[in-house]
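Chemist: Encoded as structure tokens, here's the structure I'll be asking about.
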Ligand code: SIN
Ligand code: CO
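This is the structure in structure tokens:
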């Protein structure tokens, strides 16, 4: 059971229709009685790990910000002043189960859209400066208070301060101001200028959503199409007429070429299978490690019968797609076309909440699922405990 709950006054449908991807909104006490998912000391410990991305940002005089990348040593924190710095750690949900438990609370948005939970600890005056992000974010205030200034929606090429490794906006006009207390959430759509400054020391949890750039999708999908393309499929001349001007490309030839390319790209099923695999690629693929000693199905079933639990590896991503040709399940960048499978069982497997005994037994009674579960356990996407 998650120790968090959403405020019963929150109406997700209203939020989706009025604010999501449209405008910022303060959601006061969205997490009633919120208590931090980790202590400041545990948080600082993460910033000392070599394999975890962290940054220390100091606010200098005259609104300038200095960036120091992690990992850090404990002594760094002991020498920090009482004011004007913030420590940020990326993807804390991968390392802290308590932080990971925040994610299912956002299930009014499809779970494959969640990127990670970045956490920042800032002392009074600390923050990362005015900037914008290319994704939607929910800023959940933990302990302490933070003031958020929200500006305009920025153009992708908005002017940035020169000589700063941080992408600080050169121009920032405050349009709204929000003071966040523990449990309050500020939602920001992509490209909104924002600037958080801690009023008192505390943590802020940024639940960020991924929005692949169309150019990136085009590149990755065309790579996949090229890999599977038939080299014998070529341009063919459409016209049998003598060219009027041999140097010209006639419209029929152009149409022929365009049709061939569009036909390859415009195949919903094949795009769907690629897309599901693309969006479930783990943020840190090297963290998903196969078992040193592969399990047999019988051994897995014995352990589950004996009461072992299955949970998703924190860095793994699952999703599914219902196509006319059948159900496709995706785990960590791989598609699994299920000949026999039920959408209920697959949907339970894709939920961000851990499987309970009832769900597990439903899944195991569904055709082809025990083999799928075995594969996911052996490749490290599901953890047996
Ligand atoms: C912060 O937590 O201070 C920065 C988060 C953000 O602005 O995206
Ligand atoms: Co931001």
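In the numbering used here, the protein residues as written are 64 to 448.
Here a beta-carbon is modelled for each residue, glycine too, at the ideal position from N, C-alpha and C.
1. In the DSSP output, which residue or residues are listed as bridge partners for residue 314?
2. Identify the residues that DSSP records as bridge partners of residue 199: which are they?
3. Would you say residue 205 and residue 268 are within 9 Å of each other, going by their C-beta atoms?
4. Under the three-state reduction of DSSP, which class applies to residue 224: helix, strand or coil?
5. Rounded to whole angstroms, what is the Cα-Cα separation between residue 197 and residue 247?
6. May I ask whether a heavy atom of the ligand CO can be found less than 8 Å away from the beta carbon of residue 257?
7. From residue 103 to residue 209, what distance separates their C-alpha atoms?
8. In this structure, does DSSP put residue 188 in helix, strand or coil?
9. Which of the three DSSP states, helix, strand or coil, is assigned to residue 399?
10. Among residues of its own chain, excluding the 5 on either side of residue 245, which ones have a beta-carbon nearer than 7 Å to its beta-carbon?
11. Applying the criterion that 16 or more other CB atoms from any shown protein chain within 10 Å of the CB defines a buried residue, is residue 261 buried or exposed?
12. How many angstroms separate the CA atom of residue 184 from the CA atom of residue 333?
13. Given this structure, state the Cα-to-Cα distance separating residue 113 from residue 135, to the nearest angstrom.
14. Residue 177 by DSSP, collapsed to three states: which one?
15. With respect to 8 Å, is the separation between the Cβ of residue 117 and the closest non-hydrogen atom of the ligand SIN below this value?
16. Can you tell me whether DSSP reads residue 80 as helix, strand or coil?
17. Can you tell me which residues form a DSSP beta bridge with residue 248?
18. Is residue 196 near the ligand CO - that is, is its Cβ less than 8 Å away from at least one heavy atom of it?
19. Check each candidate in 400, 383 and 251 and name the one with the smallest Cα separation from residue 271.
20. Cβ of residue 440 within 9 Å of Cβ of residue 364?
21. When you measure from the CB of residue 210 to every non-hydrogen atom of the ligand SIN, does any distance come out below 8 Å?
22. With a threshold of 16 other CB atoms inside 10 Å of the CB of residue 237, please say whether the residue is buried or exposed.
23. For the candidate residues 448, 193 and 86, whose alpha-carbon lies nearest to that of residue 201?
24. At what residues does the beta strand (DSSP E) containing residue 433 begin and finish?
25. Taking the straight line between their C-alpha atoms, what separation do you get for residue 192 and residue 328?
26. In chain order, what residues of the same chain have a beta carbon less than 6 Å from the beta carbon of residue 230, not counting five sequence neighbours either side?
27. Looking only at its chain, what residues have a beta carbon closer than 8 Å to the beta carbon of residue 445, apart from the 5 residues adjacent to it on each side?
28. Roughly how many angstroms lie between the CA atoms of residue 319 and residue 288, to the nearest whole one?
29. With respect to the alpha helix (DSSP H) encompassing residue 347, which residues constitute its N-terminal and C-terminal limits?
30. Do you know offhand how far residue 94's Cα is from residue 294's?
31. Ends of the beta strand (DSSP E) at residue 291?
32. Indicate whether residue 347 and residue 110 have their beta-carbon atoms separated by less than 9 Å.
33. How many angstroms separate the CA atom of residue 108 from the CA atom of residue 137?
Modeler: On the basis of the coordinates in this document:
1. Working through the chain shown from its first residue, we reach residue 314 at position 251. Note: residue 314 sits in no beta bridge, so no partner.
2. Along the chain shown, read from residue 1 onward, the residue named residue 199 stands at position 136. None, per the DSSP bridge assignment.
3. In the chain shown, counting from the first residue as 1, residue 205 sits at position 142. In the chain shown, counting from the first residue as 1, residue 268 sits at position 205. For residue 205 and residue 268, yes; Cβs fall inside 9 Å.
4. Position 161 of the chain shown, counted from the start, is the residue given in the question as residue 224. Looking at residue 224 - three-state DSSP - the assignment turns out to be coil, as it is neither helix nor strand.
5. Working through the chain shown from its first residue, we reach residue 197 at position 134. Working through the chain shown from its first residue, we reach residue 247 at position 184. One C-alpha to the other measures close to 22 Å.
6. Here residue 257 corresponds to residue number 194 of the chain shown, with the count starting at 1. Because some heavy atom of the ligand CO lies under 8 Å away, the Cβ of residue 257 counts as near it: yes.
7. Translated into the one-based positions of the chain shown, residue 103 becomes position 40. Translated into the one-based positions of the chain shown, residue 209 becomes position 146. Answer to the nearest angstrom: the Cα atoms are 16 Å apart.
8. Here residue 188 refers to the residue found at position 125 when the chain shown is read from its first residue. In the structure shown, residue 188 sits in coil (DSSP, three-state: anything other than H, G, I, E or B).
9. Taking the first residue of the chain shown as 1, we reach residue 399 at position 336. The answer is strand: DSSP assigns residue 399 an E or B state.
10. One-based indexing of the chain shown puts residue 245 at position 182. Same-chain partners within the cutoff: 97, 204, 205 and 206.
11. The residue you call residue 261 lines up with position 198 of the chain shown. It is buried - the Cβ of residue 261 has at least 16 other Cβ atoms within 10 Å.
12. Counting from 1 along the chain shown, the entry for residue 184 is found at position 121. Counting from 1 along the chain shown, the entry for residue 333 is found at position 270. The straight-line gap from Cα to Cα measures roughly 44 Å.
13. Position 50 of the chain shown, counted from the first residue, corresponds to residue 113. Position 72 of the chain shown, counted from the first residue, corresponds to residue 135. Computed Cα separation, rounded: 8 Å.
14. Position 114 of the chain shown, counted from the first residue, corresponds to residue 177. Reduced to three states, the DSSP call for residue 177 is strand.
15. For the purposes of this step, residue 117 is taken as residue 54 along the chain shown, with counting starting at 1. Every heavy atom of the ligand SIN is 8 Å or more from the Cβ of residue 117, so no.
16. Counted from its first residue, the chain shown places residue 80 at position 17. It is helical.
17. As a first step, residue 248 must be located in the chain shown, where it is residue number 185. DSSP lists 90 and 203 as partners of residue 248.
18. Within the chain shown, numbered from 1, the residue matching residue 196 stands at position 133. Within the cutoff, so yes.
19. Start at 1 with the first residue of the chain shown, and residue 271 comes out as number 208. Cα-wise, what sits closest to residue 271 is 251.
20. For the purposes of this step, residue 440 is taken as residue 377 along the chain shown, with counting starting at 1. For the purposes of this step, residue 364 is taken as residue 301 along the chain shown, with counting starting at 1. No, these two residues do not count as a Cβ contact at 9 Å.
21. Translated into the one-based positions of the chain shown, residue 210 becomes position 147. Because no heavy atom of the ligand SIN lies under 8 Å away, the Cβ of residue 210 does not count as near it: no.
22. Here residue 237 is taken as the residue at index 174 of the chain shown, counted from 1. Label assigned to residue 237: exposed.
23. What you label residue 201 is simply residue 138 of the chain shown in a count that begins at 1. Selected option, being the one with the closest Cα: 86.
24. Translated into the one-based positions of the chain shown, residue 433 becomes position 370. Counting along the chain, residue 433 falls outside any beta strand (DSSP E), though it belongs to the alpha helix (DSSP H) covering 432-442.
25. Against the chain shown, residue 192 aligns to sequence position 129. Against the chain shown, residue 328 aligns to sequence position 265. So the two alpha carbons sit approximately 42 Å from each other.
26. Working through the chain shown from its first residue, we reach residue 230 at position 167. The answer, listed in chain order, is 194 and 223.
27. Numbered from 1 along the chain shown, position 382 holds the residue referred to as residue 445. Hits under 8 Å: 373, 374, 375, 376, 379, 436 and 439.
28. What you label residue 319 is simply residue 256 of the chain shown in a count that begins at 1. What you label residue 288 is simply residue 225 of the chain shown in a count that begins at 1. In a straight line, the C-alpha of residue 319 is about 19 Å away from that of residue 288.
29. Position 284 of the chain shown, counting from 1, holds the residue named residue 347. Premise fails: residue 347 is in no alpha helix (DSSP H) and is neither H nor E.
30. What you label residue 94 is simply residue 31 of the chain shown in a count that begins at 1. What you label residue 294 is simply residue 231 of the chain shown in a count that begins at 1. Between residue 94 and residue 294, the C-alpha separation is close to 56 Å.
31. Position 228 of the chain shown, counted from the first residue, corresponds to residue 291. Looking at the DSSP string, residue 291 is not in any beta strand (DSSP E); the run it does join, the alpha helix (DSSP H), is 277-291.
32. As a first step, residue 347 must be located in the chain shown, where it is residue number 284. As a first step, residue 110 must be located in the chain shown, where it is residue number 47. Result no, Cβ atoms of residue 347 and residue 110 do not sit closer than 9 Å.
33. Looking up residue 108 in the chain shown gives position 45. Looking up residue 137 in the chain shown gives position 74. Going from the Cα of residue 108 to the Cα of residue 137 covers about 8 Å.
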